[in-house]
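**Student:** Position in the sequence shown (first residue = 1) + 80 = the numbering used here. Virtual Cβ for every residue (Gly too), placed ideally from N, Cα, C.
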Amino acid sequence: MDLEKEAKRATDMLNGKTIYQVLRHRVGEVCIECTDGTRLFVDHQPDGIELSITRMNSD
81 MDLEKEAKRA TDMLNGKTIY QVLRHRVGEV CIECTDGTRL FVDHQPDGIE
131 LSITRMNSD
């Protein structure tokens, strides 16, 4: 996925969310947790950064 598409996808998934807390799980990684349990992980990689978004199941 190219950077522009990845950024748009992350923006769409996080739109309207409220930040609950920011965590440092390990060196080179930041976790931004939202009040609904959604988490955005920003991980430093040798060739840039990696974004990962997890969401709680709404069963």
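1. Could you check if residue 103 is buried or exposed, using at least 16 other CB atoms within 10 Å of its CB as the buried criterion?
2. Between residue 100 and residue 119, what straight-line distance do the alpha-carbon atoms span, to the nearest angstrom?
3. Contact check, residue 114 vs residue 98 under 8 Å by CB: the rounded distance?
4. What distance in whole Å lies between the Cβ atoms of residue 129 and residue 90, which are believed to be in contact at a cut-off of 8 Å?
5. With C-beta atoms as the reference, is residue 136 less than 8 Å away from residue 117?
**Tutor:** The structure says:
1. Exposed, because fewer than 16 other Cβ atoms sit within 10 Å of the Cβ of residue 103.
2. Residue 100 and residue 119: Cα-Cα distance of roughly 10 Å.
3. 6 Å between Cβ atoms; contact.
4. Actually they are not in contact, since the Cβ atoms of residue 90 and residue 129 sit about 11 Å apart, beyond 8 Å.
5. Yes, they are a contact pair.
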